[in-house]
Structures are given as structure tokens and as C-alpha cells.
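Engineer: Structure in C-alpha cells, see below.
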Amino acid sequence: MVYALPHGAHVRRLRLPAGATAWQAVERCGILDLCPEIDLACNRIGVFGKLVDPDTILRDRDRVEIYRPLRIDPKEARRKRSERAAKKRRIADTG
Numbered sequence: 000m001v002y003a004l005p006h007g008a009h010v011r012r013l014r015l016p017a018g019a020t021a022w023q024a025v026e027r028c029g030i031l032d033l034c035p036e037i038d039l040a041c042n043r044i045g046v047f048g049k050l051v052d053p054d055t056i057l058r059d060r061d062r063v064e065i066y067r068p069l070r071i072d073p074k075e076a077r078r079k080r081s082e083r084a085a086k087k088r089r090i091a092d093t094g
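Number 78 in numbering that gives the first Met the number 0 belongs to position 79 of the sequence shown; there are no gaps in the numbering.
The structure is reproduced here in C-alpha cells:
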């Protein structure tokens, strides 16, 4: 179980019975008590980087991940980075 934060991550190992779901992994690992800000109505669950439904049956050694909501749209973030890079190039060209 992994819940990544901006400056670190909570990682929990656990054993579950065969047929356990992603939701059961989240419940049993204790992360919801440790991080009360997690709201599974907003935070999605994935396995190895792919979104899954909470009732997805897990396989041995699956890494369940809880994703935080995005703070900014990825396209908007790329546009802003591009604008900053262009501004730096203009300053360097005139300097």
C-alpha cells in the first residue's frame, strides 16, 4: 500500500487472504486512520499505476496506491512551464 505525499510517502506491507479487494487493502492497512485527509470519494485507487475499482480482486504482490487529487490540470502545468522556459530564453538572448 502506497500513499504518496509531496515530501514523502506512507508505505505499508500487509498480508491479505486470497480474493481480497483493493478496498479491503486500504481498510486493513490503517492508512485511513493515519491520514484522515484521504477521502475515497476524491482519492482514486490504483494498482501499479493503473486506476482500478475498489472492488478489484488483488493478486499476490500487487502494489495498491491511493492517488491524491491533482492540484493543477496537467495541460495547464505544461503550458506554464513552457511559458517560463520561453521567458528565460528571451532574457538570456537579450542579456
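Every residue gets a Cβ at the ideal spot worked out from N, C-alpha and C, and that includes glycine.
Mind reading off the beta-carbon distance from Leu57 to Ala24? Whole number of angstroms is fine, and I expect it under 8 Å.
Structural biologist: Sequence index remark: in the sequence shown, residue 57 carries index 58 (1-based). Sequence index remark: in the sequence shown, residue 24 carries index 25 (1-based). That pair is a contact at about 6 Å.
Engineer: Which residue from Thr20, Pro16, Trp22, Ile30 puts its Cα closest to that of His9?
Structural biologist: One-based indexing of the sequence shown puts residue 9 at position 10. Checking every option, the nearest Cα to that of His9 belongs to Ile30.
Engineer: So, are the CB atoms of Met0 and Cys34 less than 7 Å apart?
Structural biologist: As a working note, residue 0 is residue 1 in the sequence shown. As a working note, residue 34 is residue 35 in the sequence shown. Result no, Cβ atoms of Met0 and Cys34 do not sit closer than 7 Å.
Engineer: Short of 8 Å in beta carbon distance, which residues of its chain neighbour Gly48, apart from the five on each side in sequence? Order them along the chain.
Structural biologist: Locating residue 48 in the sequence shown gives position 49, where the first residue counts as 1. If we look at Gly48 and ignore the five residues flanking it on each side, its Cβ neighbours are Glu64.
Engineer: Can you tell me whether DSSP reads Glu75 as helix, strand or coil?
Structural biologist: Taking the first residue of the sequence shown as 1, we reach residue 75 at position 76. Reduced to three states, the DSSP call for Glu75 is helix.
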